[in-house]
Amino acid sequence: MPSRYAWKDAIGIILVIGTVFCLSYTIGANAWWYSKEAIHDDACTLGHSFTMGLDFDLDYMNEVSLGKYAKSYRGTPPVPPGIGVLSAPFVAFFSIFDRMAEHPVIQNHAQYFGSWAFFAVGLSSSFYFLMGAYLYYRGLRSLIDISPAFVFLLCTGTGILFYVLMRPLMAHAFEFFNYALCFFASVQLYREESRRQWLYALLAAIAVTLAWLTRLHAIFPVLFPPLALLGLMLTMQTFDRGTFLAKTAQYVLALVPCFAVAIALMYGIYAGPAPKLDSYGNIYSYVPVYTTFIAFVGDVIALVASRLALLPVILVGNSFPLWCFMPIAFFGVGALLFHGGTSARRHGQRTLWIAWTLLAVLYMAGPIAAVLLWRMPGSAYGFRYLYPLVPLGFLGFTLWRLRAGAQKSVVSRVVIAALLVTSIFGTLAPVAFNSNPAWGYTQSPINEFGLKEGVSARDNLYRTIAWMEHPSFLRVAIGYGPAFAFLPRTSPEVAGKQAFIHANTYVQVYIMCALWATVALAFAFHALRNKPAQHGARVSAISFIPVMVVFLSIWHICFVYYQHRPEVASKLLEHAASLRDTIEAERKEKGSYPVQQDFLPIETAENNVQFLYRSDGTNYKLIVLNAPDANVVTLFHPDERDPSRPWWAYGYWTKDARKW
């Protein structure tokens, strides 16, 4: 018999998925939709996907990765092949239409624009994310009573939408699925008592193997199935040593053939007889050469330990803090550690609880160490390497709900309301991040790779809030994604974008919409036929509304602070104004501006910030270059934004020198 909340859940999940899809896909999905020349990680993805899905071989000599990307990486794509393994079935199927239409991508993979094979990679990204969200929901619903809309928002609140719909050629949507499959299989392995235990043990092994193939440093998720098994058994007070060891042994045995196949694939790609280019370039040239493995490990541990003080930046910094950009990891892992640290006194089994908590800490050590090694734990690169914490967060949330039982205390309601509010923000933030060029990857030092110690995603949280509340947000964003294809041709948002519309544009948009609609219905039907559970996890308006008001107040204060920050705190802009006054004073005294035929620095500030000046005597232009506050100043001071360098330089000039 369905739960009395079933119809509300069904309607809620359809509305939530529809709203999220419209916001993300029709507003912000520009980077993939406009792509005509793949570079960097995107090219590696296409290289793996096309060689496995189009050519059915491991010969990368004719792949996209040998195009523009070869300027940096000369050889077989250094990005792991897991994304190619997962997307290859989609590429193989949709390439049938390319073969029927004789699309040039079949013979020349670099000519992929408008092809069904290229669209298949993006479609597979959405498929695996949606399947991952569904698996999380099925795993959670088998243990606790929880709304599908809430689970979906917990998933989208991880910031994953940016990589699902806006950069689907990145690996994160695929690793999100891998971890979700691992979570679901681990829960089912705990619940199953029949011979189907082997099936779920195998699924868990496949999941962690795919996770490793997708992200080579993600080896610590191999600990998740026994961690989930032990945690659920101890929490539900059903621990039996023989049962736990038997199920863990099944999982370990299943790992052997899975990793054997994965290692064979890696060998075939990187060390096997398949043709390679002559050299691999200098991507690894900055890695020191160690005589022993122990020396290498020792240096890595010392480096990570020296940066442990940066952990607060990861959790509550002002760039990509986990508390609002990945709240399920922040709140869930916190709940897990609290649960492990306090349960020994309540339920006994102290040694096992301590061992379980230490195992969880060991699991977390992997992704956190990877972030600290990037030297930029507050950046987008540091933030996105923490996705292995998501299944751990869901596990912690589940154990916390199981421990609370059917009790609905004030603290419980407030925590869930905070989790929901921050997840909504984490869902909307990628749209704001992607719809403003000042926030995009490679546009500025905001998201640099980490090669500069002092550069990070400085104040990204404030900038995101400011842009979401800026009057131009929707106007700029609405034509920034595939939605422009449906706007009137006279609309200013369509100007200059006709080249991005191809013969398959509209059909591909409809297929993507159909995929999301189908999954929304699958969620809804499962909610309708679900039996009522014993543990409520819904949020009443009494808790949600005040928490929402508090968060909105905090965010608005941040917005007001940051909106006025250029006037108050931008010493660079003030200094540029003083230089301008000096130049104007010299003109009044001598009758002309100081002549300088090309842009040359007249002054250099800290962090290589340069004041560049050019003049022919009659006109002049003074700009500030490499300024860390350039994006904010240009956003809120459009008159000082350099029209020739609109997002990374600002200053002063005469009318005729405006376009210099």
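full-length UniProt numbering puts the first residue of the sequence shown at 1, with every later residue one more than the last.
The C-beta atom is built at its ideal place from N, Cα and C for all residues, glycine as well.
In this chain, the alpha helix (DSSP H) harbouring residue 225 covers 224 to 235.
The beta carbon of residue 9 sits closer than 6 Å to those of 147, 148 and 527, all from its chain and outside the five residues before and after it, given in chain order.
The Cβ-Cβ distance between residue 388 and residue 363 falls below 9 Å. As a beta-bridge residue in DSSP terms, residue 604 pairs with 610. Ranked by how close their Cα comes to the Cα of residue 247, the residues 192, 295 and 22 have 192 in first place. Residue 162 places its beta carbon 9 Å or farther from that of residue 86.
DSSP lists 610 and 649 as the beta-bridge partner residues of residue 625.
In the displayed model, residue 639 falls within a helix according to three-state DSSP. A Cβ-Cβ contact shorter than 9 Å links residue 392 with residue 329. Spatial neighbours of residue 244 in its own chain (CB-CB distance under 7 Å, excluding positions within 5 residues in sequence) are listed in chain order as 229, 230 and 233. Using a Cβ-Cβ distance cut-off of 8 Å, the stretch 199 to 212 and the stretch 250 to 266 are in contact, since at least three pairs of beta carbons, one from each stretch, lie closer than that value. Per the coordinates, the alpha-carbon of residue 18 lies some 14 Å from the alpha-carbon of residue 126. Here residue 120 is near residue 94, since their CB atoms are less than 9 Å apart. With respect to the 9 Å criterion, residue 235 and residue 339 are classified as neighbours on the basis of their beta carbons.
By the Cβ-count criterion, residue 431 is buried, with 16 or more other Cβ atoms from all chains shown falling within 10 Å of its own Cβ. Under the three-pair Cβ rule at 8 Å, the stretch 610 to 621 counts as touching the stretch 582 to 596. Its Cα nearest to that of residue 150, the residue 13 stands out among 110, 13 and 63. Cα atoms of residue 624 and residue 573: separation of roughly 8 Å, rounded to the nearest angstrom.
For residue 615, the secondary structure class from DSSP, reduced to helix, strand or coil, is strand.
Residue 49 is a Cβ neighbour of residue 91, given a cutoff of 9 Å. Straight through space, the alpha carbons of residue 361 and residue 227 are spaced by roughly 11 Å. Here the alpha carbons of residue 44 and residue 22 stand approximately 29 Å from one another.
Shown here, residue 137 sits in a helix according to DSSP, grouped into three states. Distance from residue 16 to residue 153 at the Cβ level is roughly 6 Å; contact confirmed, criterion being Cβ atoms closer than 8 Å.
If you draw a 10 Å sphere on the C-beta of residue 189, you find 16 or more other C-beta atoms in it, and that means buried. Sequence-distant Cβ neighbours of residue 99 in its own chain, meaning closer than 7 Å and more than five residues away, are 106. Membership of residue 191 in the alpha helix (DSSP H) is indicated by the continuous run 172 to 191.
With a beta-carbon spacing of about 22 Å, residue 175 and residue 117 fall beyond the 8 Å limit used to define contacts. Of the residues 197, 384 and 103, the one whose Cα lies closest to the Cα of residue 164 is 384. Shown here for residue 522: same chain residues with a beta carbon closer than 8 Å to its own, the five before and five after excluded, namely 134 in chain order. Looking at the DSSP output, residue 620 shares a beta bridge with 615.
In this structure, residue 223 and residue 359 form a Cβ contact; the two beta carbons are roughly 6 Å apart against a cut-off of 8 Å. With respect to the 9 Å criterion, residue 303 and residue 373 are classified as neighbours on the basis of their beta carbons. In this structure, residue 221 sits near residue 211, with a CB-CB distance shorter than 9 Å. Partner residues in the beta bridge of residue 596, as assigned by DSSP, are 615.
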